[in-house]
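S.K.: The structure follows.
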Amino acid sequence: MNAPIATPDIEKLLREIEARADDMTALAQDLIRFPTVNPPGEAYRPCAEFVGHRLARRGMRIEYVRAEGAPGDNDTYPRINVIARHEGSGSGPCVHFNGHLDVVQTGAGWTVDPFGGVVKDGKVYGRGACDMKGGIAAAIVAVEALIDSGIALPGAIEISGTVDEESGGYGGVAYLAERGWFSKPRVDHVIIPEPLNVDRVCIGHRGVWWAEIETLGRIAHGSMPFLGDSAIRHMTAVLEKFESDLYPALASRHSDMPVVPDGAKQSTMNINSVHGGETEDYEGLPAPCVADSCRIIIDRRFLIEEALDSVKGEVKALLDGIAAERPNFRYNMRELFSVAPTMADRDGPVASATAKAVKQILGREAQIVCSPGTYDQKHVDRIGRLKDCIAYGPGVLDLAHQPDEWVGIADMVDSAKVMALSTLDLLTRG
Ligand SMILES: [Zn+2]
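Just so we're aligned, residue 721 is where the sequence shown starts under our numbering, counting upward by one.
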């Protein structure tokens, strides 16, 4: 601990959080052991109920909200969210911690059981350790310690465990936000413990545009391809144009948003998939055919300085340019998904309280950043119309979605202290 912290009560609270390091570690392990893989949305109910049962023991009021009719919701994979609330002793504001319970698929390359909750060398390993069950464990222990401390809490504290963040948040935060769970007067400040590093306060994220592009051809015998028209060769022309024109243009654009890592300060685009010709699930010998369809899915991340319409228009103009030059080039473009960039005020209450707490606990200035990818802040902002929302949590950004993902136990403890201090600060601001 570096800077002096105000009162004996607060010193005691921080020592108490330190004393709960083992509890926090065990909680992170327990959360990791629920294989809440999305898609399809495994184990959502037991994981939500585990969080609900734990917080009910602290006297918090627990509500479960199933996102009926949300994408993927059915009786096999119900979209279950949990919200816990501790009422304040006065008329202060409400601080809400929101964490997503879902994790992405494990993928290859693991050296530990992804759902074992392995602890090694001061780290908890497992799918979701970093993104973001370690952050949820830190928030839960911070709030429990605050409630147990006996310090007057004039405003309410809420914790929600929500689902489907990894697939857009429609069965989670978006669903709840549409029903008033993320709006005033119920909630005033939101902290999302996503993995942005323990000394960074994340005030927003870039925008996203996903689209499918299909090139069209004509089927013919593969021994006489000149009698057909290959959709795959047409797609090659698209990919070449991306390389020669689009990627250099994107790389030349830089944002004033404090996006990390540095590579994400420019516009970027990932080609998420390419499919053409024989389907991939077919395992026999292929029949010789000219592909009459080739599809790619693009994942374009854009800056707050760019408009969504110009992002779309740029790709469309490129495709129309190819059509003007290349015989028989035909394409379809279908938008799949878009999210506008969002950015909270870096001097707003939640960002400034958290940055101040980072300085107090870690003894260094918090870095104010924006995330390269989106997270549920978009729904809090756009649907809940609540601007005072940040991401702050213990995980290391670069480890998200990787094999052998981990969260540092010391980072969880430090971030829990920061969350407790910033909550106290926000609740007592009047
Ligand atoms: Zn996440």
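Backbone N, C-alpha and C fix where the C-beta goes; we use that ideal spot for every residue, glycine too.
Under the rule that 16 or more other beta-carbon atoms within 10 Å means buried, what is Asp793, buried or exposed?
M.R.: The residue in question, Asp793, is buried, as its Cβ has 16 or more Cβ neighbours within 10 Å.
S.K.: Buried or exposed: where does Gly927 fall if 16 or more other Cβ atoms within 10 Å of its Cβ makes it buried?
M.R.: Buried, because 16 or more other Cβ atoms sit within 10 Å of the Cβ of Gly927.
S.K.: Could you pull out every unbroken beta strand (DSSP E) segment of at least 3 residues lying fully inside the segment 750-778, listed in chain order?
M.R.: The qualifying runs do not exist here; there are none.
S.K.: Would you kindly report the start and end of the unbroken beta strand (DSSP E) that includes Ile1088?
M.R.: Unbroken beta strand (DSSP E) run through Ile1088: Gln1087 to Ser1091.
S.K.: Which residue marks the beginning of the beta strand (DSSP E) containing Glu1055, and which one marks its end?
M.R.: That run of the beta strand (DSSP E) goes Arg1050 to Val1059.
S.K.: Going along the chain, which unbroken runs of the beta strand (DSSP E) with 3 or more residues stay wholly within the segment 875-903?
M.R.: As far as the segment 875-903 is concerned, its whole beta strand (DSSP E) runs of at least 3 residues are 877-882.
S.K.: Is Glu914 near ligand 1, judged by its Cβ being under 7 angstroms from some heavy atom?
M.R.: Yes; taking the cut-off as 7 angstroms, the Cβ of Glu914 has a heavy atom of ligand 1 nearer than that.
S.K.: Between which two residues does the beta strand (DSSP E) holding Val921 run?
M.R.: Val921 -> beta strand (DSSP E) spans Arg920 to His925.
S.K.: For Tyr890, is the beta carbon positioned less than 7 angstroms from some heavy atom of ligand 1?
M.R.: Result no, Cβ not under 7 angstroms from ligand 1.
S.K.: Could you give the C-beta distance for Asp982 and Asn1048, rounded to a whole number, given that I count them as a contact under 8 angstroms?
M.R.: That belief does not hold up - the Cβ atoms of Asp982 and Asn1048 are roughly 42 angstroms apart, past 8 angstroms.
S.K.: Does the Cβ-Cβ distance between Gln986 and Ala969 come in under 8 angstroms?
M.R.: Not in contact: Gln986 and Ala969 (Cβ atoms no closer than 8 angstroms).
S.K.: Beta carbon of Trp930, beta carbon of Val1031: below 8 angstroms?
M.R.: Against a cut-off of 8 angstroms, the Cβ pair of Val1031 and Trp930 comes out as no contact.
S.K.: According to the Cβ coordinates, are Ile1088 and Ile923 closer than 8 angstroms?
M.R.: It is a contact, given that the beta carbons lie within the stated cut-off.
S.K.: Closer than 7 angstroms to a non-hydrogen atom of ligand 1 - does that hold for the CB of Glu885?
M.R.: Yes; taking the cut-off as 7 angstroms, the Cβ of Glu885 has a heavy atom of ligand 1 nearer than that.
S.K.: Quick one: what does DSSP say Ser975 is sitting in, helix, strand or coil?
M.R.: Three-state DSSP puts Ser975 in coil, outside helix and strand.
S.K.: Can you check DSSP and say which residues form a bridge with Trp929?
M.R.: Looking at the DSSP assignment, Trp929 forms a beta bridge with Arg1020 and Ser1058.
S.K.: Hey, quick one: how far does the alpha helix (DSSP H) through Val1031 stretch, first residue to last?
M.R.: Note, Val1031: alpha helix (DSSP H), Leu1028 to Glu1045.
S.K.: Going by the CB atoms, is the gap between Phe835 and Ile701 shorter than 8 angstroms?
M.R.: Here the chain comprises residues numbered 721 to 1150, so residue 701 is not present and cannot be evaluated.
S.K.: Excluding sequence positions up to five away, which residues of its chain have a Cβ less than 6 angstroms from the Cβ of Asn1012?
M.R.: For the sequence presented, residue 1012 should be read as Asp rather than Asn. Only Gly937, Arg938, Ile939 and Ala951 meet the Cβ criterion.
S.K.: Examine ligand 1 and report whether any of its heavy atoms sits within less than 7 angstroms of the Cβ of Tyr1095.
M.R.: Indeed, a heavy atom of ligand 1 lies less than 7 angstroms from the Cβ.
S.K.: In angstroms with no decimal places, state the Cα-to-Cα distance between Val1127 and Tyr1112.
M.R.: Going from the Cα of Val1127 to the Cα of Tyr1112 covers about 14 angstroms.
S.K.: Using the DSSP secondary-structure output, state which residues sit across from Glu783 in a beta bridge.
M.R.: According to DSSP, Glu783 bridges with Ile803.
S.K.: May I ask whether a heavy atom of ligand 1 can be found less than 7 angstroms away from the beta carbon of Met852?
M.R.: Yes, since a heavy atom of ligand 1 falls inside the 7 angstroms radius drawn around the Cβ of Met852.
S.K.: Tell me whether His1099 counts as near ligand 1, meaning its Cβ is closer than 7 angstroms to at least one heavy atom of that ligand.
M.R.: Result no, Cβ not under 7 angstroms from ligand 1.
S.K.: From Glu788 to Pro798, what distance separates their C-alpha atoms?
M.R.: The alpha-carbon atoms of Glu788 and Pro798 are separated by roughly 8 angstroms.
S.K.: How far does the beta strand (DSSP E) with Lys843 in it extend, from its first residue to its last?
M.R.: Here the beta strand (DSSP E) through Lys843 covers Lys843 to Tyr845.
S.K.: Ends of the alpha helix (DSSP H) at Val1078?
M.R.: Per DSSP, Val1078 belongs to the alpha helix (DSSP H) from Pro1069 to Leu1082.
S.K.: Who are the near neighbours of Ile1110 in its chain, counting only those whose CB is closer than 8 angstroms to its CB and skipping five residues on each side?
M.R.: Cβ neighbours of Ile1110 beyond the five flanking positions: Val910, Ile911, Ile912, Val921, Cys922, Ile923, Ala1064, Val1070, Ala1071, Thr1074 and Gln1097.
S.K.: Could you spell out where the beta strand (DSSP E) holding Val1127 opens and where it closes?
M.R.: Note, Val1127: beta strand (DSSP E), Trp1126 to Gly1128.
S.K.: Taking Ser993 as part of the beta strand (DSSP E), name the residues at either end of that continuous run.
M.R.: From DSSP, the beta strand (DSSP E) with Ser993 extends over Thr988 to Gly996.
S.K.: Note down the Cα distance separating Asp1067 from Asp1108, rounded to an integer number of angstroms.
M.R.: Taking the straight line joining both Cα atoms gives about 10 angstroms.
S.K.: Among residues of its own chain, excluding the 5 on either side of Pro766, which ones have a beta-carbon nearer than 8 angstroms to its beta-carbon?
M.R.: Correct list, in chain order: Phe754.
S.K.: In this structure, how does DSSP classify Gly942 when only helix, strand and coil are distinguished?
M.R.: It is coil, neither helix nor strand.
S.K.: Assuming contact is defined by CB atoms lying nearer than 8 angstroms, are Asp1134 and Val918 in contact in what I supplied?
M.R.: Contact flag set, yes.
S.K.: Give the C-beta separation of Lys1137 and Ile737 to the nearest angstrom, bearing in mind that I take them to be a contact with Cβ-Cβ under 8 angstroms.
M.R.: Correct: roughly 5 angstroms between the Cβ atoms.
S.K.: Does the Cβ of His820 lie closer than 7 angstroms to at least one heavy atom of ligand 1?
M.R.: Checking every heavy atom of ligand 1 against the Cβ of His820, one is found closer than 7 angstroms.
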